[in-house]
Every structure is written in C-alpha cells, then in structure tokens.
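Here the structure is laid out as structure tokens; the discussion comes afterwards.
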Amino acid sequence: MSTSSIAHDEGHTLVGKDSDPAQRLRTIVTIHDAALNFQQRNSTIKASRSPLFIKSDDLPFSLVQTTLAGAEAIVEPYVFTDDDTGSLLAFYHLGRRLAGHAGIVHGGMAAVLLDECMGRACFPRLPGKIAVTARLELDYKSPIPVNSIILIQADTKEVQGRKAWVEATMSDAEDGRDLVKAKALFIQPKWAAEMTEVI
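The sequence shown begins at 1 in this note's numbering and counts up by one.
Right, dumping it as structure tokens:
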C-alpha cells in the first residue's frame, strides 16, 4: 500500500533530510495527499499534536510524550482522528536517538507508536472510551532508517461490546514504502472507570 503523494522535484523531495526535524515534519504534513484527503472526509475530523491527551500531572511519566520526546528522538507529531469511524492518521519524525542498530530505528519503537495510535483509533468506538491492548501482531516489512518521517494509518475494523479489532500500516511518508503492518485487539477492562481519560 503506497501512501506517498508528496511534491517531488526531479526525483527528490522538496524537503531536505538535513533540515530542522520539526520544520521538515510540518512541511511534509502540509503537502501530503493522505493528510489532505483525511481532513476532507467530514467536518468532525480532529487535528492534534498527540494521539492521546495526557493530563499535566501525568505528563512527566508519559513514555512517548516525555521520555522519548526531542529533536533527535520523537518530534511532536501531527495526528488526525475520525472518531465516528475509529480511524487515525499520524505523522512522526523518528530521530537518531531511537536507533537499535546503527542508523536503524529500534523495532520496539514501531510497536510503541502503533499500539498508541491503534488504541486511540478505537477508543471512541468503545462504551467507556478506553481500553488496554490484549494482542498486538506486527509484520515488519522494511527497516526504518533514523531521521525518517513515518505515517501511521489505523482503522477500527470491528467492535463487539468491550472489544475492538484494529489494523494499521506504518509507512515511509516520503517514498510510500510499507515499513510495518499491524493488527491488534483492544479490550475495555471491567475496571475502565478507574482509568485516566486519554481522549
């Protein structure tokens, strides 16, 4: 599945990989067909700079928004959500501090980001608007180079009571290459009322 449709000039993207990561990410999101098309779906599409809303008291303990945040790690992403359909589109810059092998993003980072985005996609479709991951299956298609801009597309496929099945693809936002395919089952626990709201 190729999701790339960004402006090119004689085979090169118009945004250099050596540019400021936040500026590069912003430019790609602004011109990317997937972002433009997703935002035009309907009037209820929400745009934010994080998949989850983390309360300020809890922010210091957030893995993605605090521990892994920074210009050489995860730059503040661009996230678009369609709560009616349980769909999400997110753009991230993955910096060199996220390497497992030299020059390659650790595969666990893909798992973390896909889990967070897939959960956020399905939460609005569940009665309590929250769930925990019961199963996460990943099929790694290609290594993710550091300093990449990646695109996550997540779609809720089915909801039955407190269970939601979600599928997602992580791809290179510049060349459209599939990086990881994912499937997950999320379950709203019986103790969901005790959990902190995140949407």
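Just so it is clear, CB atoms sit at the ideal spot from N, CA and C, and this is done for glycine as well.
Nearest C-alpha to residue 51 among 27, 32 and 86: 86. Linking residue 159 to residue 148 through their CA atoms gives a straight-line distance of about 33 Å. Collapsing the DSSP output to three states places residue 79 in a strand. By the Cβ criterion, the segment 164-181 is in contact with the segment 137-145, since at least three pairs of Cβ atoms, one from each stretch, lie closer than 8 Å. A Cβ-Cβ contact shorter than 7 Å links residue 72 with residue 95. Linking residue 185 to residue 21 through their CA atoms gives a straight-line distance of about 33 Å. By the Cβ neighbour-count rule, residue 77 is buried, with 16 or more other Cβ atoms within 10 Å of its own. Residue 170 is positioned such that its CB atom lies no closer than 7 Å to that of residue 111. With contacts defined as CB atoms closer than 7 Å, residue 129 and residue 199 qualify as a contacting pair.
Exclusion of the five residues before and after residue 106 leaves 98, 99 and 100 as the residues of its chain whose Cβ lies within less than 7 Å of its Cβ. By alpha-carbon distance to residue 172, the top candidate from 150, 161 and 191 is 150. Counting only residues of its own chain and dropping the five nearest sequence neighbours on each side, residue 43 has no CB closer than 8 Å to any other CB. Membership of residue 27 in the alpha helix (DSSP H) is indicated by the continuous run 21-31.
In the same chain as residue 187, and ignoring 5 residues on each side of it, the C-beta atoms closer than 7 Å to its own belong to 131, 132, 134, 162 and 163, in chain order. Distances from the alpha-carbon of residue 25 to those of 62, 93, 152 and 83 put 93 closest.
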